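Per full-length UniProt numbering, residue 1 is the first one in the sequence shown, and the count goes up by one each step. All residues carry an ideal CB built from backbone N, CA and C; glycine is no exception. Just so we're clear, the structure is a prediction, and the values are computed from it rather than from any experiment. For reference, the structure is listed below as structure tokens.
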Amino acid sequence: LTTWSKDLREKLKEEIEFSTLEHLKDNYSSTGDTIKTEFKTKDGFPIESVLMQYEDDRNSVCVSCMSGCPVGCEFCATGKMGFNRNLTHREIVDQIMHFQRLLLEKGKGVTNVVFMGMGEPMLNLDNVRKAVEIINDSNKLSIGIRRVTISTVGYVPQMREYFNSRHTPRLAISLHAPNQKIRERIMPTISKLHPLDELMSFADWYEKELNKRITYEYTLIKGINDQPEHAIELSKLLYNRLALVNVIRFNPSSVLPYETPKEETLQRFVKILNNRDINTTIRYSMGDKIGGACGQLHSTNSINA
């Protein structure tokens, strides 16, 4: 849905006045198509969410499911915050409702939701599940289940519990490495708990039982995982799978030591994958100049500030 009736707009405006979150600030990109919003929970914990408005009329909200994150991936700014707490399902939904209100003023609405903000969805599964039910409910947000994506670093038991039917959101796996050694270097917590072999075994089961495609997120980090040999190894890992590789260059942050590879490095990497029959797309960052791109969410608002 991109066009909303006047009656529905008025009804939603009434409903979204009662938020569990305190709105602190909206940060607009120079083009105006991306908005990063800073919130604070009622008990003072910071969270951030992002609205991305596309030319094809998609309005996608990147929601957080935690304040901070306990996983601590080395290339993600959110992990440097540490972990404050899980968000309730209402706090997750209220992030969407904030952007719904902004879009309603233009007669539009949120069309897509991605759980790719702060936090690991599989470690807050009960609240994420409840939030998805509200998002999908035809009497509430009424966003189709295929327009909802959950991204996880790979907590396999929880993935098996939740992604056990076709009527679940799209699945994205934060892979970011072609082998166990590199994954342990940049994603030490999850890689040691659930090694790459275990993760790919789940992928085999998911594809066979549900016949659904998995999106594999791959952040290119200069000198770490961006060389031709890494692309070749990744192609071998994903060959003959129902897979889409979503490649994005590392988004720099003042709290992280890594660098962004050049555009030609990105193009070379993607060309190798495509030439080896791996379905691959490039995701160019929206909101990187306002700290709202993938891996950049890192609130500087302290508790009770």
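Exercise for review: Could you work out which residue in L234, H167 and T149 is closest to L210 when comparing CA atoms only?
Suggested key: Start at 1 with the first residue of the sequence shown, and residue 210 comes out as number 210. Nearest of L234, H167 and T149 to L210, Cα basis: H167.
Point to revise | Which of helix, strand or coil DSSP assigns to V71 | key: The residue given as residue 71 occupies position 71 in the sequence shown. V71 falls in the coil class under three-state DSSP.
Review point. For R283, which residues from the same chain have a beta carbon less than 8 angstroms from its beta carbon, with the 5 sequence-adjacent residues on both sides left out?
Key: Taking the first residue of the sequence shown as 1, we reach residue 283 at position 283. Contacts found: N246, V247, I248 and C294.
Check your understanding: Going straight from the alpha carbon of S19 to that of P257, what length do you get?
Key -> Position 19 of the sequence shown holds residue 19. Position 257 of the sequence shown holds residue 257. Using only the alpha carbons, I get a separation of about 37 angstroms.
Check your understanding: So N279 packs on L237, CB below 8 angstroms; how close in whole Å?
Key -> Indexing the sequence shown from 1 puts residue 279 at position 279. Indexing the sequence shown from 1 puts residue 237 at position 237. 14 angstroms between Cβ atoms; not a contact.
Practice item. Give me the Cα-Cα distance between S253 and V270, rounded to the nearest whole angstrom. Key: The residue you call residue 253 lines up with position 253 of the sequence shown. The residue you call residue 270 lines up with position 270 of the sequence shown. Using only the alpha carbons, I get a separation of about 24 angstroms.
**Study point:** Length-filtered (3 minimum) beta strand (DSSP E) runs lying within the segment 65-152
**Key:** For the segment 65-152, whole beta strand (DSSP E) runs of length 3 or above, ordered along the chain, are 66-68, 83-86, 112-115 and 148-152.
**Study point:** For V61, three-class secondary structure by DSSP
**Key:** On the sequence shown, residue 61 is found 61 positions in, with the first residue counted as 1. Residue state, collapsed to three classes: strand.
Exercise for review: Could you give the DSSP three-state label for S29: helix, strand or coil?
Suggested key: As a working mapping, residue 29 is identified with position 29 in the sequence shown. S29 falls in the coil class under three-state DSSP.
Review point. Thinking just about the alpha-carbon of each residue, which of E38, I232, Q158 and K192 is nearest to the one in D94?
Key: Sequence index remark: in the sequence shown, residue 94 carries index 94 (1-based). Taking only the C-alpha atoms, the option nearest D94 is E38.
Exercise for review: Please name the residue, chosen from F83, I173, T34 and L21, that lies closest to L90 on a Cα-to-Cα basis.
Suggested key: The count along the sequence shown starts at 1 and reaches residue 90 at position 90. It should be pointed out that residue 90 corresponds to Arg in this sequence rather than to Leu. It is L21 whose Cα lies nearest to the Cα of R90.
Exercise for review: Tell me whether T41 is buried or exposed, calling it buried when 16 or more other Cβ atoms sit within 10 Å of its Cβ.
Suggested key: The sequence position of residue 41 within the sequence shown is 41, counting from 1. When all chains shown are included, T41 counts as buried.
Review point. When the Cβ atoms of the segment 171-183 are set against those of the segment 128-147, are three or more pairs found closer than 8 angstroms?
Key: Short answer: they don't touch.
Practice item. Report back the beta-carbon spacing between Y206 and H176 to the nearest angstrom; my notes put them in contact at under 8 angstroms. Key: By one-based count along the sequence shown, residue 206 stands at place 206. By one-based count along the sequence shown, residue 176 stands at place 176. The beta-carbon separation of Y206 and H176, rounded to 19 angstroms, does not stay under the 8 angstroms limit for a contact.
**Study point:** For I290, the three-state DSSP class (helix, strand or coil)
**Key:** Your numbering for residue 290 matches position 290 in the sequence shown. Low per-residue confidence applies at I290: pLDDT is 45, beneath 50, and the placement is therefore not dependable enough to give any value.
Practice item. Could you pull out every residue in the same chain whose Cβ sits closer than 6 angstroms to the Cβ of N112, ignoring the five residues on either side in sequence? Key: Taking the first residue of the sequence shown as position 1, residue 112 is located at position 112. Cβ within range, chain order: R58, S60 and R147.
Check your understanding: Roughly how many angstroms lie between the CA atoms of G117 and T149, to the nearest whole one?
Key -> One-based indexing of the sequence shown puts residue 117 at position 117. One-based indexing of the sequence shown puts residue 149 at position 149. Taking the CA atoms as reference points, G117 sits about 12 angstroms from T149.
Review point. Once you ignore the five residues that flank V156 on each side, which residues in its own chain have a CB closer than 7 angstroms to its CB?
Key: Position 156 of the sequence shown, counting from 1, holds the residue named residue 156. Only H194, E198, L199 and F202 meet the Cβ criterion.
Point to revise | Which of helix, strand or coil DSSP assigns to R283 | key: On the sequence shown, position 283 is the one that residue 283 refers to. Coil at R283, not helix or strand.
Practice item. Measure the C-alpha to C-alpha separation of M52 and C62 and round it to an integer number of angstroms. Key: Your numbering for residue 52 matches position 52 in the sequence shown. Your numbering for residue 62 matches position 62 in the sequence shown. Rounded to whole angstroms, M52 to C62 spans 8 angstroms at the Cα level.
Review point. Secondary structure at P195, three-state DSSP: helix, strand or coil?
Key: Locating residue 195 in the sequence shown gives position 195, counting from the first residue. Three-state DSSP puts P195 in coil, outside helix and strand.
Review point. Would Q267 be called buried (16 or more neighbouring beta carbons within 10 Å of its own) or exposed?
Key: As a first step, residue 267 is located in the sequence shown; it is residue number 267 there, counting from the start. Answer is exposed; the Cβ neighbour count stays below 16.
Point to revise | Opening and closing residue of the alpha helix (DSSP H) in which L234 lies | key: Here the question's residue 234 lines up with position 234 in the sequence shown. Start and end: P228 to L238.
**Study point:** Sheet register partners of A203 (DSSP bridge)
**Key:** For the purposes of this step, residue 203 is taken as the residue at position 203 of the sequence shown. None; A203 has no bridge partner.
Exercise for review: With DSSP collapsed to three states, give me the class of I214.
Suggested key: By one-based count along the sequence shown, residue 214 stands at place 214. Looking at I214 - three-state DSSP - the assignment turns out to be strand.
Check your understanding: Between G223 and P261, what straight-line distance do the alpha-carbon atoms span, to the nearest angstrom?
Key -> Locating residue 223 in the sequence shown gives position 223, counting from the first residue. Locating residue 261 in the sequence shown gives position 261, counting from the first residue. Their backbone Cα atoms lie some 8 angstroms apart in a straight line.
Point to revise | Minimum C-alpha distance to F45 - residue among E74, G82 and N27 | key: Position 45 of the sequence shown, counted from the start, is the residue given in the question as residue 45. Ranking E74, G82 and N27 by Cα distance to F45 puts G82 first.
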